[in-house]
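Residue numbers for the first sequence follow this note's numbering, beginning at 26 and rising by one. Data first, discussion second: the structure below is written as structure tokens.
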Amino acid sequence: MSDTNKHIPEKFLSAYNPKESEDAIYKLWENSGYFNPDTCIEKKITDADAEHFSIVLPPPNVTGTLHMGHASMLSVEDILVRYNRMLGKRTLWIPGTDHAAIATQSKVEKEIYKKEKKSRYDLGREELLKRIGEFAQESHDTIVNQVKKIGASLDWSREAFTLDTQRTKAVYTAFKNMYDAGLIYQGGRTVNWDPKGQTVISDDEIVYKEMTDKFYTFKYGPFEIGTARPETKFGDKYVVMHPDDKRYEQYKHGQQIDLEWINGPITATIIKDEAIDMEFGTGVMTITPWHSAIDFEIAQRHGLDVEQVIDKYGKLLPIAGEFEGQKISVARDAIVEKLKEKGLLVSVDENYVHNVATAERTGGMIEPQIMKQWFIDTNKEFALSDSKIDGIQSGETTTLKKLMRHVVETKQINILPSRFEKDYYRWIDNLRPWCISRQIWYGHRIPVWYKGDEVFVGLEAPEGDGWEQDPDTLDTWFSSGLWTFSTLGWPDDTADLRNYHPTTVLETGYDILFFWVARMILMSGFNMGSIPFKNVYLHGLVRDEKGKKMSKSLGNIIDPLDMIEKYGADAARLSLIIGAAVGNDLKLSEHRIKGYKHFANKIWNITRFVLENTLEADLSENPTLTTEDEKHQKALDEVVAHITDSIEHFRIDIAADEVYHYIWHEFADKILEESKPILQNGTPKEVQSRQWLLYHILTTSLKLLHPFMPFVTEEIWQSLPQKDTDILMVAKWPRV
RNA sequence: GGGCGUUUAGCUCAGUUGGCUAGAGCAACUCGUUUACACCGAGUAGGCCGGGGGUUCGAGUCCCUCAACGCCCACCA
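Rendered as structure tokens:
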């Protein structure tokens, strides 16, 4: 380098330090206003009539802090958003958080109990809600801060919360519309009661746990019956067998038999039903319709009596006689002991392995109960007014199940990877009425008011005195189901709704395909008459380096903020992208993150080299390139085409790897190295050509890399002497 | 009990419609400080592509089968 007044910015003389620049860079973006597509249009960065690209952020639960799964989700979405913004599309990414009703309430209840030894009933509804609100606000602030650290280019001016005023209006409107269409109804049927959480939960919130219990065989008159739950057997007065079972031919349907049972003699009735598996046990069972869905169905078929045995606290009712008031867990052994004394115990299998239903959030053992609750009927026919779905006419009759199937079958919604389509269809086929009422306090209060026998459903309490609102709240997934359009202002007729719905991509974890993705399709289908999104990008789980799930108890959690602190957000992002194909789990280890930090420094040093060698050059005009340089330029064009193609096909993992590879092993290792002799000994023409080429490749590389590593690329861009836009985030994506 | 996924170098993974003399990163080893970078460069070694069978001129790639690991679903009392 000759003596000159021109110097490269001093910052390039030392290694790249993400900590020094990341926060300032995020501020720069935020202050530019370009996260908001309206500003991009105003400032003529985006055409007002450009194609739209929209994503709604899967709202993190306000139950605490973000983990690596969130970081991975944010990275994937930010890459798609930044890429499409650079393509010139009207790009909107809406942030928000989820009140996560049951998860948040049970977390706060636990904390309160730990500190103050008080239950929710001690505090009362109002006080508990106040406490949860405070907690949610704190969590929200932490989460927003973390999201920004990762570099997510979200439009904060449109931030939403599932429980805020506008979203509540959406929830109430949707409820009323579905109630009026007869899809939401109140009914008494078997539901999943969680005695620990003191609420009903939906089928999807059940987690089956394998347990080893005792399996008892008792004498029941002339029969032998098996059970793992003797405590439910008090009211059993029907004995059921298969009509084709030769062993019990002599017993007729409806025949009555007197026999000795737990608390004395009873009269049992023989029932023949095909639900019985002749191969299992003795092929005979007694039924407890109140506490078993399958028993309830049998009872319904034959018009049998049903009677409650266990209350909602898991205690035995008066029907249990001397055992009344006892906890079922305690009563079990005593009941067996009594039956044994009476000579009714035939055998005990100590190693009975079976699956027990537990509540996802509280871990409580589910006790089926017959209760009056609110349901959504997915099989009921309704007329879809104002349909924007291909293949369903406006006013045409359909059902929610049919609608949900149809939009995926016809590829109006594209699920990636496609193998999850099968799971989706199977879930729909097995779907029973969705129970949407909960007996917890945190959430949307059910918009139904009662006065005597009168029922009112509406957005607000009806006029007049004496109306009492339903005490229950809605399943949190009811409000999340509206997320793609409630965030855009529905039920109001807003410009956002017209401009950005259906959204382009829904990116989320495959673990909530049923909970959320399917429910959004249902809700959008009914309320909007449209699909909620065109593409579903399902990401995998972030696991530790041994492939284990990250969890507190295993102590293998890698905290995204720690990693950002140590290696920078860019490195953390890349480590979550490369190697994570759509739908595949990712094994993350710290040394990979470290490797990508080195890469950030690499592009930093490439810049230093290029700037040092082009300070004197006039780069404003394209010089005539040497043959060699033209070859490099063409090769770069091919790389651009490839990367663009990969992103368009949602293979951002491949795209990221390609950018990485090109910059390091082509640009740095080959082109930079061979430039040294040319710059030193080449003819003026060769030097000029090469200087232009180096600068061209550098700026193009920065653009290509920006969606993946936004911070370091923007930090460099800010120091470039010549560029086509002030802020790299809104530079035009290189086109071939 | 159904279904899905994974199995390719020591580790993490690419390998699209069959053409591979099988690649990359990290780790290992050897050498190296010349206009960026030691958070570096050049190079070396390392693979019956889980086992078996089949289709084909040709299979890591398609079909069958077995195995291991992982995941999802399921109201056998």
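Glycine included, C-beta positions come from ideal geometry on N, C-alpha and C.
Query	Result
Buried or exposed (CB count within 10 angstroms, at least 16 for buried), residue 429	buried
Residue interval of the alpha helix (DSSP H) (run including residue 647)	Neither: residue 647 is in no alpha helix (DSSP H) and is coded neither H nor E.
Residue 95, buried or exposed, once every other Cβ within 10 Å from all chains shown has been counted against 16	buried
Environment of residue 217 [buried if 16+ CB atoms lie within 10 Å]	buried
Host alpha helix (DSSP H) of residue 193 (start-end)	190-205
Counted within 10 angstroms of its Cβ, other Cβ atoms place residue 199 as buried (16 or more) or exposed	buried
From 354, 396, 408 and 425, residue whose alpha carbon lies closest to that of residue 390	354
Nonlocal neighbours in the same chain, by C-beta distance under 6 angstroms from residue 127, ignoring five residues either side	386 and 465
Selected residue, minimal CA-CA separation from residue 600, among 612, 713, 571 and 462	612
Span separating the alpha-carbon of residue 661 from that of residue 566	34 angstroms
Test item: CB-CB of residue 258 and residue 215 under 8 angstroms	no
Backbone CA spacing between residue 534 and residue 718 [nearest angstrom]	42 angstroms
Run of the beta strand (DSSP E) containing residue 213, from where it starts to where it stops	209-219
Host beta strand (DSSP E) of residue 474 (start-end)	473-476
Distance, residue 71 Cα to residue 65 Cα	5 angstroms
Contacting residues, own chain, Cβ-Cβ under 8 angstroms from residue 651 (five flanking each side not counted)	710, 711, 714 and 715
Beta-carbon contacts of residue 174 that lie in its chain and below 7 angstroms, excluding the five residues immediately before and after	586, 589 and 594
Residues of its chain near residue 29, where Cβ-Cβ distance is below 8 angstroms and the 5 sequence neighbours each way are ignored	Note that residue 29 has pLDDT 45, beneath the 50 cutoff, so the model's placement of it is unreliable and no number is given.
Alpha helix (DSSP H) segment containing residue 470, residue limits	No alpha helix (DSSP H) holds residue 470; DSSP gives it neither H nor E.
CB contact flag (residue 625, residue 734, <8 angstroms)	yes
Inter-residue Cα distance where the pair is residue 276 and residue 454	37 angstroms
Residue 480 in three-state terms, based on DSSP	strand
Rounded C-alpha distance that separates residue 609 from residue 657	35 angstroms
Euclidean distance between Cα positions of residue 425 and residue 213	21 angstroms
Residues that residue 341 bridges to, as DSSP identifies them	335
Sub-8 angstroms separation of residue 504 and residue 129 beta-carbons	no
Spatial neighbours of residue 647 in its chain, beta-carbon cut-off 6 angstroms, leaving aside the 5 residues before and after	none
CA nearest to the CA of residue 690, picked from 664, 669, 272 and 703	664
Cβ contact (3+ pairs, closer than 8 angstroms) linking the segment 560-577 and the segment 437-447	yes
Given 8 angstroms, three or more beta-carbon pairs between the segment 459-474 and the segment 176-196	yes
Cutoff 7 angstroms; reference residue 46; Cβ partners in own chain excluding five residues on either side	736 and 740
Beta-carbon separation (whole angstroms), residue 493 vs residue 476, contact threshold 8 angstroms	7 angstroms
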